[in-house]
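2 protein chains.
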Amino acid sequence: MIGNVIVGQSGGPTAVINSSLAGVYKTAKDKGVKKVYGMLNGIQGLLEERYIELEQELKSQVEVELLKRTPSSYLGSCRYKLPDAKDNSEVYDKIFQVLKKLEVEYFFYIGGNDSMDTIMKLSKYAASIGSNIRFMGVPKTIDNDLEATDHTPGYGSAAKYIAGTTKELIRDSLVYDQKNLTIIEIMGRNVGWLTGAAALSKGDDCEGPDMIFLPELAFDMDDFMLKLEQLQKVKKSVVIAISEGIHLADGRYVCELVDRTKYTDNFGHTLLSGSGNYLANKVSTEFGCKARAIELNTIQRSASHLASLVDINEAFLVGGAAVSAAIAGETGKMIILKRISTSPYQCITDVYDINKIANLEKKIPAGWIGEDGISVTNEFLDYARPLIQGELTPYMVDGLPRHLVYSKKKQ
Amino acid sequence: MIGNVIVGQSGGPTAVINSSLAGVYKTAKDKGVKKVYGMLNGIQGLLEERYIELEQELKSQVEVELLKRTPSSYLGSCRYKLPDAKDNSEVYDKIFQVLKKLEVEYFFYIGGNDSMDTIMKLSKYAASIGSNIRFMGVPKTIDNDLEATDHTPGYGSAAKYIAGTTKELIRDSLVYDQKNLTIIEIMGRNVGWLTGAAALSKGDDCEGPDMIFLPELAFDMDDFMLKLEQLQKVKKSVVIAISEGIHLADGRYVCELVDRTKYTDNFGHTLLSGSGNYLANKVSTEFGCKARAIELNTIQRSASHLASLVDINEAFLVGGAAVSAAIAGETGKMIILKRISTSPYQCITDVYDINKIANLEKKIPAGWIGEDGISVTNEFLDYARPLIQGELTPYMVDGLPRHLVYSKKKQ
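As given, the protein sequences belong to chains E and X, one line each in that order. Sequence positions in the first sequence follow this note's numbering and run 2 to 412. Sequence positions in the second sequence follow this note's numbering and run 2 to 412.
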């Protein structure tokens, strides 16, 4: 009999983070694991001994399939950073005490950079106390900013939603025969993988966004206004995609240009506005044309109704591969995706030393950003397009996609 | 041989306005109409003699099916209000001159209140000059505010998108084990049909929004803060749906509460903020909890990737019924939908005098709003739920829904 498994989810939700959970669960059960525990709200919940037995929730393959179609983190999440063991050994004592009680031998954590930091610290601590519990990281983040892996599960689905929504918004912006600007504000504060995905909307039936502003480059306000003015001479409807993290050369975010001391309501509350709203207001004031900012907001990370099948399958795969690797003896590693062929697209999994991944951030390579500074190259598109392919039809009930919720806390 | 047809689209786009266009086109061709013209940018384009021959664009049933899956107004739109004929007969002369040149006998206009005003004026003018061109209105608006008809095509799809997105946002809001408020800001300035649709998200797998604020009722700021405070005592994650048009008892919109003289950036530009942002800022300042406003924005009216099949079919139906009625001799009428059975849901079409519809606005009946003032009743849900049923699978090409664009202006 193989020892018990515990799995947790951490950081921001994605449309496919639960497919990785399904991959861990299904593979563990297929390999003969007796019990698979799910920690509620990640490591923070584990410290409070909050967990569920997944066998009680995933009673048939129907629930597993529903789980793959459920967005956000089924088990709940946290943003808890483990202290260094030398500063606070009590936290580690508590964690290992709970794991011992549950007879856990394999620990999986689905998340991004911070979560990999957790795996790194726990595996080091285990080695230091001679514990043979194995700790494995399962990559997840819509931002696609993890090092070593070709891409991260979660990115493809967010990219598909962004590209699909951009297509619809471009069509929407074309209806009136008058000058107008639409600004689509996209997540990704420091890296532009998601913003660049808006360019995937370009095709026979869509021109794509007219300009793309990535956080990898400094944003020049005068240059932006000039380029927009030139564009508006040749086309009435202009659509641009911006990262929420666009910033000036001096490092200030565009959304910080507002004088916050003035920026209050009648009750003295400070009002915040995003970069898109800032630019829309500036353009409508200076150019006198209609300008609208649309923040895709958290919808882009939880839109499982338009998830990518490639992404869902790869999310499941990295979860399953983590279980296989751990049972084969690995610990302190993260599963990565390696692209072994671009045409046709093929990716396989591998394991990678977590020390070389945690707390790093992968930006778009300079060569994948257009020389004009407002586009992405074909290399970027060839990289991203395979990741948005295919759909997994939601289970529709009474007109809406059905989700799986765990029985303790129906919502 | 039946005389030629011309069809136009007007007002804001919807996910299914093109299905009505397909219904007009397909029915006209089936009935033996030789030519079906499409006016570009509605009546405004017609005045400039901008139109296309739909036979050149819809060459096979594949294009017709693609048109049904294409959001926004395929022919472009306008917000042009016809002057009264006694004030400006030149405009009418021009229109009838173009129609005569094109040998048009049937004129169809797909739109909302303002578009029905256009049909009313044109049919009256035709009668006054002894023209036998027939003018018919085809209802369209996501707002669902047209009188006489049970509901308007466009509403069901927007409602489905709103309910589906609300479900995903509620799941997203639940991941962290900490106090937070999510405000979903929904279209519909004067009527709450769309905002109420957020309640359709409630079911076995979702609690639905905790409070709903409709524009039919005055918004009381103190009462809102009190209710929120009470809610936050029993649950950490609160999600509310508000109409973009919520207003105080004195008529001021909530988004107008900002002192705009103070509300400028470093360059002196006035900054605007929506009602959702206003409330989120107020709550986070006064209650010290995380609060986020999410504007569904124009995405909700153009999200054809999650359109309702019932809505698409009814949009097609009202287009076709307008053609049948016009050929049968009707003019100056709008097609309406009549619900003849609720369980099972059945709707049929009828014709209705446009003078009794144009320029009126249908609000939610008082009895369909909960006595607590922050919910909708089961009557509302029973009314709206049949309208979001079913899906029409998009034609997916390279990972994204394919749209139809007309050949003159590829976009």
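Heads up, the beta-carbon is just placed ideally off N, CA and C, and yes, glycines get one too.
For Leu307 (chain X), the neighbours in chain E by C-beta distance under 8 Å run, in chain order, His306, Leu307.
The DSSP assignment places 90 to 102, 114 to 130 as complete runs of the alpha helix (DSSP H) inside the segment 84 to 147 of chain E, in order along the chain (cut-off: 4 residues). The continuous alpha helix (DSSP H) containing Val319 (chain E) extends over residues 310 to 328.
Residues Gln179, Lys180, Asn181, Leu182, Ser285 of the same chain have their beta carbon placed closer than 8 Å to that of Lys291 (chain E), with the five preceding and five following residues left out of the count. Taking 7 Å as the CB threshold, Val8 (chain X) stays off the interface with chain E. Taking C-beta separations shorter than 7 Å and ignoring five residues to either side along the sequence, the partners of Tyr407 (chain X) in its chain run Ile53, Glu58, Tyr75, following chain order. At a beta-carbon threshold of 7 Å, none of the residues of chain X lie near Met188 (chain E); the nearest stands roughly 12 Å away. At a cut-off of 7 Å between beta carbons, His404 (chain X) contacts chain E. For chain X, none of the residues of the segment 113 to 125 of chain E brings a beta carbon within less than 9 Å of one of its beta carbons.
In terms of beta-carbon proximity, Ile143 (chain E) stays away from the interface with chain X, with every pair separated by 7 Å or more.
Taking 7 Å as the cut-off, the Cβ atoms of Pro210 (chain E) and Ile241 (chain E) count as close. Under the three-state reduction of DSSP, Cys290 (chain X) is assigned to coil, being neither helix nor strand. For a cut-off of 8 Å, the C-beta gap from Leu201 (chain X) to Ala160 (chain X) is around 7 Å, short enough to register as a contact. Taking Leu258 (chain X) as the centre and dropping the five residues before and after it, the same chain places the C-beta of Tyr279 closer than 7 Å to its C-beta, in chain order. A distance below 6 Å between beta-carbons, with the five flanking residues on each side excluded, links Val324 (chain X) to the following residues of its chain, in chain order: Val25, Thr28, Ala29. About 4 Å separates the beta carbon of His404 (chain X) from that of Thr71 (chain X), a gap short enough to meet the 8 Å contact definition. Exclusion of the five residues before and after Gly368 (chain E) leaves Thr378, Glu380 as the residues of its chain whose Cβ lies within less than 8 Å of its Cβ.
For Val239 (chain E), the closest C-alpha among the options E:Met188, E:Gly252, E:Arg172, E:Ala250 is that of E:Arg172. In the three-state DSSP reduction, Pro387 (chain E) falls in the helix class (H, G or I).
Between Gly193 (chain E) and Gly371 (chain E), the alpha-carbon positions lie close to 13 Å from each other.
Closest in C-alpha terms to Glu392 (chain X), from the list X:Asp88, X:Val8, X:Lys32, X:Ile313, comes X:Ile313.
For Asp354 (chain E), DSSP records a beta bridge to E:Lys334.
Interface annotation, Lys69 (chain E): not in contact with chain X, CB-CB separation never under 7 Å. At a cut-off of 7 Å between C-beta atoms, Arg172 (chain X) counts as an interface residue with respect to chain E.
No Cβ-Cβ contact shorter than 7 Å links Lys334 (chain X) with Met212 (chain X). Chain E has no Cβ within less than 7 Å of the Cβ of Ala326 (chain X). Counted as a single uninterrupted DSSP element, the stretch harbouring Ser73 (chain X) is not any beta strand (DSSP E), since DSSP gives it neither H nor E. Each residue's CA atom was taken as its position, placing Leu249 (chain E) and Phe225 (chain E) some 11 Å apart. In the structure shown, Ser11 (chain X) adopts coil according to DSSP, grouped into three states. Using a CB distance cut-off of 7 Å, Ser342 (chain X) does not count as an interface residue toward chain E. Leu48 (chain E) places its beta carbon 7 Å or farther from that of Lys87 (chain E).
Residue contact with chain X for Asp251 (chain E): absent (no Cβ-Cβ distance below 7 Å to any residue of chain X). With fewer than 16 other CB atoms across the displayed protein chains lying within 10 angstroms of its CB, Ile130 (chain X) is exposed. Rounded to whole angstroms, the separation of the alpha carbons of Thr350 (chain X) and Glu315 (chain X) is 9 Å. Contact of Asp211 (chain E) with chain X is not assigned, every C-beta pair being separated by 7 Å or more.
Contiguous alpha helix (DSSP H) elements confined to the segment 176 to 255 of chain E occur at 194 to 198, 222 to 235, taking only those with 4 or more residues.
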